[in-house]
Amino acid sequence: MQDTKPQEEGKLEIDRYERIYIILAAAMLGVFFAALIAGAIIYGVRLPTASAFINPILIDETEFANPGLRDMGDGNYEVYIVAHMWAYEVGTTEKTAVGLPILRVPEGAKVTFNITSRDVQHGFYIEHHNVNLQILPGHIASQTVTFSERGTYHVICHEYCGRGHQTMGMVIIVEPADGA
Ligand code: CUA
Numbered sequence: 000m001q002d003t004k005p006q007e008e009g010k011l012e013i014d015r016y017e018r019i020y021i022i023l024a025a026a027m028l029g030v031f032f033a034a035l036i037a038g039a040i041i042y043g044v045r046l047p048t049a050s051a052f053i054n055p056i057l058i059d060e061t062e063f064a065n066p067g068l069r070d071m072g073d074g075n076y077e078v079y080i081v082a083h084m085w086a087y088e089v090g091t092t093e094k095t096a097v098g099l100p101i102l103r104v105p106e107g108a109k110v111t112f113n114i115t116s117r118d119v120q121h122g123f124y125i126e127h128h129n130v131n132l133q134i135l136p137g138h139i140a141s142q143t144v145t146f147s148e149r150g151t152y153h154v155i156c157h158e159y160c161g162r163g164h165q166t167m168g169m170v171i172i173v174e175p176a177d178g179a
């Protein structure tokens with residue numbers, strides 16, 4: 000004799016609410032995945048990666064031998080910075096009361112930071128600006144940022160780099176451009 004509903008026996012019964020939550024969870028993953036793909040393809044979002052590689056032993060035979068600001072004209076600037084335990088070599092002698100180096104840039108400057116490390120992993124985070132870089136020995140991290148508002152902005156090393164990590168920082172002062 001043939002059973003009229005042979006599948007019924009082994010069919011997996013899922014509670015109605017459980018099914019709803021499974022569908023919702025799967026849909027959410029779908030939305031996240033779509034957002035990831037849209038971000039990468041439509042908005043060009045990329046993780047900051049090393050723009051170039053450098054031999055840390057030979058830093059002083061490169062542009063990094065003279066760290067600091069370079070005026071490239073038309074409001075564009077390049078900055079070379081070497082990070083080490085526990086300071087940034089910025090090429091300026093001006094320092095804050097607690098000894099942090101000060102970098103001055105004119106208001107509206109479009110500044111490309113090129114940073115590398117002499118020793119271990121460091122970070123480079125500029126407050127109120129979208130700059131959050133990991134600085135690795137052997138890598139040059141680069142990012143361009145426009146300083147559109149005057150002010151004093153702290154930079155901190157936000158990757159643990161040893162005993163003096165919490166003292167590692169610098170200050171960027173955005174001042175009125177000449178003639179302003
Ligand atoms: Cu350098 Cu933390």
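With numbering that gives the first Met the number 0 applied, the sequence shown covers 0 to 179. Here a beta-carbon is modelled for each residue, glycine too, at the ideal position from N, C-alpha and C.
Do the region 53-61 and the region 90-97 make contact, defined as three or more Cβ pairs closer than 8 Å?
Output reads no: the region 90-97 does not touch the region 53-61.
Does the beta carbon of residue 124 fall short of 7 Å from some heavy atom of the ligand CUA?
Every heavy atom of the ligand CUA is 7 Å or more from the Cβ of residue 124, so no.
Please report the straight-line C-alpha distance between residue 156 and residue 165, rounded to a whole angstrom.
The C-alpha of residue 165 is placed about 8 Å away from the C-alpha of residue 156.
Is there at least one non-hydrogen atom of the ligand CUA closer than 7 Å to the beta-carbon of residue 42?
Answer for residue 42: no, Cβ out of range of the ligand CUA.
Out of 83, 12, 105 and 37, state which residue places its alpha-carbon closest to the alpha-carbon of residue 69.
When each option's Cα is compared against that of residue 69, the closest is 105.
Under the rule that 16 or more other beta-carbon atoms within 10 Å means buried, what is residue 135, buried or exposed?
Label assigned to residue 135: buried.
Residue 82 beta carbon near the ligand CUA (any heavy atom closer than 7 Å):
Checking every heavy atom of the ligand CUA against the Cβ of residue 82, one is found closer than 7 Å.
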